[in-house]
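Take a look at the structure below.
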Amino acid sequence: MEKLQSSVLVIGGGIAGIQASLDLTMLGFKVYLVEIKPTIGGTMAQLDKIFPTLDCSLCILAPKMVDVYRNRNIELYTYSYVKEIRGYTGNYTIKVIKKPRYVKEDICKGCGDCSIICPIKGIPSEFDVHLKTRESVYIPFPSSVPPVYLIDDKNCLYLNFRICGICAKVCKADAIDFLQKPEEITLNVGAIVIATGDSQEMPEIYTSFAGNSPNVLSSMQFERLLSANGPTGGQIIKLDDKKNPHSIAFIQCVGSRDVHHSSCKKYCSAICCMNSAKEAIVVKEHDPNIECYIFNTEIRAKGKNFYEFIEKSRFEYNIKYINGHVSCIKENLDNGKLKLYYEDIDKGKVVNFEVDMAVLASALSPTSSYYKLLKQINVNCNDLGYLREKDIILLEKKNIFVTGYSRKPNDIQMAVAEGSACAAKISEKLSPVRFQKIKKMKYPAEIPVNPEDKPRVGVLVCQCGTNIGGIINVSEVVKYVSKLPYVVHVEENMYSCSSDSQELIKDLIIKFNLNRFIVASCTPRTHEQLFKNTLKEVGLNPFLFELVNIRNQNSWVHQNEPEKATKKACDLIRMYLGKVINLKPLDTIKVKVEKSSLIIGGGIAGITAAYNLANQGFEVYLVDKNSLLGGIALEFIDLYYIPITKNEILQKIDDLKNKTNVHILLNSEVVDIQGYIGNYEVKVKNIQKNSEDQPFKVGTIIVATGTKQIKTNRWSYLSERSSERILTQTELTSTKDVDIPKFMDATIILCVDQRRNQFNNGDNIKTYCSNICCGVALKNIEKLLNINPKAHIHVLYREFQFSDLNAENLWRSLRKKVTYEKYHSIDDIKISDENGKFHIKYKNIGAGINLEYNTDLLILATPKVPTDGTEQLAKLLKVATNKDGFFLEADAKLRPIDFATEGIFLCGGAHWPKWIGESIIQAYGAAGRSAILMVKGEIEAECITCEIIEEKCIGCGRCAEICPYNAIELYGTTKQMGLYNINIQKARIIKAACKGCGGCIAECSVGAIDQNYFSKVQISKMIDLLPGIELPIYDII
Amino acid sequence: MSSYINNEIKCSNYNFQNLGVTIKNVISMANYCFACNRCVNVCPLSHLDVFFPRKLVGDLILSSLGEVLTNHNIWNCLTCGQCSIYCPMTQENLGVRIPDLILELRKASRKSKIQINRITQCETHNEIFPLISKMIANNPISPNKLEFLKGKVLKTADSGEIAYFIGCLPLMEEIFYNFKCNYTEIPITIISLLNEANIVPVVLNEKCCGHDILWGEGDTETFKKFAEYNTQLYKDAGVKIVIVGCAEGYRIWKYDYPKIVDDFDFKVFHFSEFFLKEKILEHVKFPQSSKIKVTYHDSCRMGRLGGRLYNAPRELIRQIPGVELIEMDNIKDDANCCGVATFLNCNEYSRFLRQNRINEAINTRAEYLIVSCPKCLTHFNCYLNEPSSNEEKKELRNNIKVMDLASFIGKLLFLV
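So the protein sequences, as listed, match chains A and B. Counting from 5, one number per residue, gives the positions in the first sequence under the working numbering. Counting from 33, one number per residue, gives the positions in the second sequence under the working numbering.
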């Protein structure tokens, strides 16, 4: 047998690469993460906000970046590229070139002293898309990972002229090394993930859009402008005269959806419409008086509740959408404004219009390093600049996986799902060699710390180069702290985070017999775990530690008041001392996880997940209500270049039936689920026999219940007489060709009862866009033309939502037999039944005239809704659904396939109507995420959890109701109270599921809940010590 | 006086305030007791094995105060006053008077460490209510409680003879938003009906009445600040008559303020008394005709501790056409406690008391349980809205609705 390598190369450290890497290490594989830029984070790090949640992008990304940095099983090669890929499936030899940073990565602490002194300034910053400048020695952005500086060899005086070198002199850590050379590293890996992400070309190339004007920005530049750490500190100002703009135009489809110009992209970049809406909303939140115009040909909002986001921007934020593509922008030199020329399609007029700023939603494409990689592995891309589906499948057979924007234009949510999906696919292929290269840490036995032991606290005060030491008088702080009670030893040092400091901490703990430790330095976000690990290595419970932030919250913000900052440092340390001496050691709880999974729903998503998990060696219970597996996917399968054929699905179903570790329960539904992550007990009922099967135990649950299409009440007067000639799209698809009534003229009406605003609500009328109807319509056109090649087909549409690579080609090729006709509102379409024909009358947008014609067949794109029983299932699983009844994921962007409740995952249509390809990706992702929990057979529960004080609890159940993780259960008990014997309820925390968020504590009206490590006593002691230490010593504890 | 000396020695680690006076007072009260045990027979907590008034009183005479306070948790007492009703040795200003005795002990011992711990143990809602009170007391500007009057066509005045004291209702509405108790319906109804009778009440942004801080924490300093502020405020506005809409405010204005404010010169009425006096409801036409069955819960602060104001609210209910009052088994002096006074002690015992009282009300088959104290209103509704065993509760909620007397009237008249 060929030798499999238990390691994976991930190329690209954007969100897709990060997600794949983190998942892979948890699945038991070593990861080499190679990133060409000096930091990981990719595009997402540059964004200010993300749609549709409007969360701060970096705030939710940075923890993941730090996770990568801390992960012992990820070897991170930044500022590096892949030079060569050799070998064969499962055993590749990779040559990686690590470019010289001229700063020693393991020694630099990122203090920034070098950058401040560097005389070369004014170099355009790549991170800020040239809107901001940097020094020759720099870090891309403050939360870069690794947090290490580098020297730009094109601009450095020393490297070019052998003069200066001042950075080496000021560096207290001695990290500058001008002698560094490119390093070649050879890696052996079993699989490769290509996640090289996207790039956006600079708008300068578009001369017709006045790209040279400082007031014309690309959407990424504008994103930087909005960002608080961007060039203007988040102020929206014009870059030439620094004045506030009064109006901003967002121009969509710049350089994309263009088959004519060779420098333009032929496809739709998929995210620009949402991105511009988001940017416009952020502008409005900064200043509601700035007018925002979005010029578009059609708005493509593909994603869960994305259309409603657009509607929100339109109505709540008063952002104006103009249906018309801007053809040209000219600078008006008289008033410095920009003049836009466009046709307002709704009004049918050519207009020009002046704005202060223009933002070009310019096309996104794969990066140049992507194409270099493709050469390495000998594959070509198609005329769109992307890999063909069949090539992707071939590559996957060779253990090479393409994900994120380099696979298809997609948003962050899909990139995350795809990252997890890649990990699942690799886990399936490399499962025989799992855990072979995973490092496990061994820690010494814990030093017992009893509550009655007198606290002995050690304190380390960090100077952080000049970051802290330059402002705060650290020796004075040390002197003050040494006099505080319970402090046994205190000292200052240059970098508390350096590896020699870790040794120092260990030595101090042993030498002074310390049982508590405080480091006063920087932010816990990046460094707390490091110090906690150090404590663990010396045998002290890591929860007897506190990190006091005297940098970000002190020396940085009080740079001009060094004396007050010094006092504040003393105050902060004293307060934390109050907490630290009241800390208790916390134990890590291990929870057993059953190595089996319940998959609810046997459609394409359920089958894919089952297949993947079964091949990884887990028990799988696949439950479906129907008598056959396959779901609606089997009916839709012939559309597009879907990565799987009908025969392959049928083959997979057969394979599943033959696997001994797969239990297929057809005609069945789940009737009861008890337990928590890793330990669910499931009861399933056979609907046909009306009998309950033997209950079984599973560790994880995957929900894949799918969608269905509903009927409409609209034009009900027609269906009374000629119902057989009115079909929904699904009905048309599933009806045999011969059963469809004869027709010469057919009409497909899109957006029936969907994309309606809130004022039109009613039964079966939805505000959302089902996203897939437009694409399904294309397939149905093919089907209709197949039945009657001579027929004429009308498609009445509002906005086509296929931001898919190939959809536009298909749309174009069908145009010969089909007229695509745009209408404004469904209410404008009048249909009457005349002599066996439908007479249609509506106002055409574009032509601007009323059209009337007769048609034989009506095909309606009615909304897609969750399948029956979704609500009951949500109750059984105790998970939330959104207002439309679809299951609610943990986070719309970064956890699209997880539920907030651990151990339950979501994929396919149950999440949102979606394409088969996307369902498959999500299914793999869900399988991978659940395999993460099952591979080890146990998980470590969160240590910082809540605790219920039993005698105080009155069993009202409010905590259980509010807990987002279902980590609280109620149990009944009886109690003798005086003359009475009373049945009472009590709440209990399921430690395995509790995340320690503390929501229950706020809700509990009787104060029966407290939180470990942040207990009420610990916090109130901190507050007690805020004004000073006048309290008697014994009162501190 | 041997026990007195003993006390002084043994209590050295107790930081008593006005130790001499308190002990003298307390012991003189305790000395009336002849151990008839009637208090224990009626005390709801002694049935539950939690608190024993007779033993406390007995121990006060025999042991040191320090020991008594260690052995008895004085913060557990609900101060419901049931004991005083049956105590043969209690008169209005004389005798054992257990609630007053408890209050004295609370006042004296509240600053010692062991008692602080006990208070913390009993506190509910993360101690937000005493915190709010203290913040209001120590802050020259009190929070604007009159926001809810905005946009309403209610006539109020800044000075005049008749004042209406709103109390903490608007604040409670902010905190207990999830029960939909609609506390501010109470002042809206009362002011509307006063306006209806051509009375324009003085409504000022007074501070908290101080009930909870006095009875719950024994904090006389803070309480005094409230008493002085509020009485001065009304004095400056020329007020002679104070109408109070809630039971606790009534007790405080009528019985506790006069004790602490030197020249207290106000006539205090519960709104039901005032409405009867002015015959306000007699002139109002009620639009509804259907029959409504209601029952009425007497609160301790208006009943046993509030001059036994039992008949006025009942009379007011009788004046509403179509409303039939069905009494529960235990009413007036014997009315069972709602379980929680002063936002102290919400625990499994007090929940049991609440449950019993609700069941008593349900047994009358009335549709509404009318209460006159916002605390009763909160705690009954809290019980009914518990998410645990939802189905069972849903049935209870279908059976009975808990409503304040004023809100009930307001609802019937479509005033709210």
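We put the CB at the ideal spot given by N, CA and C, even for glycine. Nothing here was measured: the structure is a model prediction, and the numbers come from that model.
Could you check whether the Cβ of B:Y381 sits closer than 8 Å to any Cβ belonging to chain A? One-based indexing of the second sequence puts residue 381 of chain B at position 349. Judged by the 8 Å Cβ criterion, B:Y381 is in contact with chain A.
Residue interval of the beta strand (DSSP E) (run including A:I677): Locating residue 677 of chain A in the first sequence gives position 673, where the first residue counts as 1. Per DSSP, A:I677 belongs to the beta strand (DSSP E) from 672-680.
Check whether the Cβ of B:P353 lies closer than 8 Å to any Cβ atom in chain A. If you number the second sequence from 1, residue 353 of chain B lands on position 321. No, because no Cβ of chain A sits closer than 8 Å to the Cβ of B:P353.
Starting from the N-terminal side, write out each stretch of the beta strand (DSSP E) that is 3 residues or longer and does not extend beyond the segment 738-788 of chain A. 749-753
Flag A:C960 as yes if its beta-carbon sits less than 8 Å from any beta-carbon of chain B, otherwise no. Here residue 960 of chain A is taken as the residue at index 956 of the first sequence, counted from 1. It does; some Cβ of chain B falls within 8 Å.
Let's see if you can read the secondary structure: which residues bound the alpha helix (DSSP H) around A:Y162? If you number the first sequence from 1, residue 162 of chain A lands on position 158. Counting along the chain, the alpha helix (DSSP H) containing A:Y162 begins and ends at 161-165.
Within 8 Å, strictly: CB atoms of A:S148 and A:C122: As a first step, residue 148 of chain A is located in the first sequence; it is residue number 144 there, counting from the start. As a first step, residue 122 of chain A is located in the first sequence; it is residue number 118 there, counting from the start. No, they are not a contact pair.
Sorted by chain position, which residues of the same chain lie with C-beta nearer than 7 Å to B:L308's C-beta, five sequence neighbours on each side aside? Here the question's residue 308 of chain B lines up with position 276 in the second sequence. The residues are A344, E347, L348.
Leaving out five residues before and five after A:G679 in sequence, what residues of the same chain have Cβ atoms less than 7 Å from its Cβ? The residue given as residue 679 of chain A occupies position 675 in the first sequence. Counting only Cβ-Cβ distances below 7 Å, and skipping sequence neighbours, we find E685.
Endpoints, the beta strand (DSSP E) within which B:V403 is located: Taking the first residue of the second sequence as position 1, residue 403 of chain B is located at position 371. Note, B:V403: beta strand (DSSP E), 400-403.
Going straight from the alpha carbon of A:L818 to that of A:I920, what length do you get? Taking the first sequence and counting its residues from 1, the one referred to as residue 818 of chain A is at position 814. Taking the first sequence and counting its residues from 1, the one referred to as residue 920 of chain A is at position 916. If I take the Cα positions, the gap works out to 22 Å.
Give the list of continuous beta strand (DSSP E) stretches no shorter than 3 residues that lie fully inside the segment 943-998 of chain A. 950-952, 972-981, 984-993
N- and C-terminal bounds of the alpha helix (DSSP H) containing B:L499: Residue 499 of chain B cannot be examined here, being either before or after the span of chain B that is shown, 33 to 448.
Relative to the C-alpha of B:E238, which residue among B:P76, B:C414, B:W285 is closest? On the second sequence, position 206 is the one that residue 238 of chain B refers to. Of the listed residues, the one whose Cα sits closest to B:E238 is B:W285.
Show which residues of chain B have a CB atom less than 9 Å away from the CB atom of A:M981. Within the first sequence, the letter at position 977 stands for residue 981 of chain A. Here the neighbours are H79, L80, D81, V82, E380, Y381, F384.
Label B:I148 either buried or exposed according to how many other C-beta atoms from any shown protein chain fall within 10 Å of its C-beta, with 16 as the threshold for buried. For the purposes of this step, residue 148 of chain B is taken as the residue at position 116 of the second sequence. Exposed, by the Cβ-count rule.
If I measure Cβ to Cβ from A:N293 and keep anything under 8 Å in the same chain, skipping five residues before and after, which residues do I get? One-based indexing of the first sequence puts residue 293 of chain A at position 289. Contacts found: H250.
Taking beta-carbon pairs under 7 Å, can you tell me which members of the segment 986-1018 of chain A lie near chain B? Listed in sequence order: I986, I988, Q989, S1009, V1010, G1011.
In chain D, which residues lie with their C-beta within 8 Å of the C-beta of B:T156? No chain D is present in this structure, whose protein chains are A and B.
Coarse secondary structure for B:R150, derived from DSSP in three states: On the second sequence, residue 150 of chain B is found 118 positions in, with the first residue counted as 1. Reduced to three states, the DSSP call for B:R150 is helix.
Do you know how far the Cα of A:A930 is from the Cα of A:F622? Indexing the first sequence from 1 puts residue 622 of chain A at position 618. Indexing the first sequence from 1 puts residue 930 of chain A at position 926. Computed Cα separation, rounded: 14 Å.
Find the residues of chain A that neighbour B:P162, judging by a C-beta separation of less than 8 Å, and give them in chain order. As a working note, residue 162 of chain B is residue 130 in the second sequence. The CB of B:P162 never comes closer than 8 Å to any CB in chain A; the least such distance is about 13 Å.
Distance check for A:E944 and B:A62, CA to CA, integer angstroms please. Walking along the second sequence from the start, residue 62 of chain B turns up at place 30. Walking along the first sequence from the start, residue 944 of chain A turns up at place 940. Going from the Cα of B:A62 to the Cα of A:E944 covers about 59 Å.
Beta strand (DSSP E) containing B:M435: first to last residue? Locating residue 435 of chain B in the second sequence gives position 403, where the first residue counts as 1. Segment 433-436, the beta strand (DSSP E) holding B:M435.
Does the pairing of the segment 88-95 of chain A with the segment 39-50 of chain A give three or more beta-carbon distances under 8 Å? no
Since A:N336 is in the beta strand (DSSP E), which residue starts that stretch and which ends it? Taking the first sequence and counting its residues from 1, the one referred to as residue 336 of chain A is at position 332. Its beta strand (DSSP E) spans residues 330-336.
Please check the pair A:G352 and A:G852, which I expect to be a contact at CB under 8 Å, by giving their CB distance rounded to whole angstroms. The count along the first sequence starts at 1 and reaches residue 352 of chain A at position 348. The count along the first sequence starts at 1 and reaches residue 852 of chain A at position 848. Going by Cβ atoms, the distance from A:G352 to A:G852 rounds to 4 Å, so yes, they are a contact pair.
In this structure, how does DSSP classify A:K53 when only helix, strand and coil are distinguished? For the purposes of this step, residue 53 of chain A is taken as the residue at position 49 of the first sequence. Strand at A:K53.
Since A:N192 sits in a beta bridge, which residues does DSSP pair it with? The residue you call residue 192 of chain A lines up with position 188 of the first sequence. Under DSSP, A:N192 forms a beta bridge with A:T97.
Of all Cβ atoms in chain A, is any one closer than 8 Å to the Cβ of B:E418? Sequence index remark: in the second sequence, residue 418 of chain B carries index 386 (1-based). For B:E418, the answer is yes, since a Cβ of chain A falls inside 8 Å of its Cβ.
Closest by C-alpha distance to B:A259, when choosing among B:D297, B:K317, B:F161: Taking the second sequence and counting its residues from 1, one reaches residue 259 of chain B at position 227. Of the listed residues, the one whose Cα sits closest to B:A259 is B:D297.
Within its chain, find whatever has a CB closer than 6 Å to the CB of A:G913; leave out the 5 residues flanking it on each side and keep chain order. Indexing the first sequence from 1 puts residue 913 of chain A at position 909. Within the same chain, A:G913 has close Cβ partners G710, T711.
Helix, strand or coil: which one does DSSP assign to B:T410? Within the second sequence, the letter at position 378 stands for residue 410 of chain B. DSSP places B:T410 in helix when its eight states are reduced to three.
CA-CA distance, A:G703 and A:L617? On the first sequence, position 699 is the one that residue 703 of chain A refers to. On the first sequence, position 613 is the one that residue 617 of chain A refers to. Those two C-alpha atoms are separated by around 12 Å.
Using a Cβ cut-off of 7 Å, pull out every chain B residue sitting near A:K882, in sequence order please. Locating residue 882 of chain A in the first sequence gives position 878, where the first residue counts as 1. Within chain B, no residue comes near A:K882; the closest Cβ sits about 12 Å away, beyond 7 Å.
Mind listing which residues of the segment 946-958 of chain A have their C-beta closer than 7 Å to chain B's C-betas, in chain order? K956, I958
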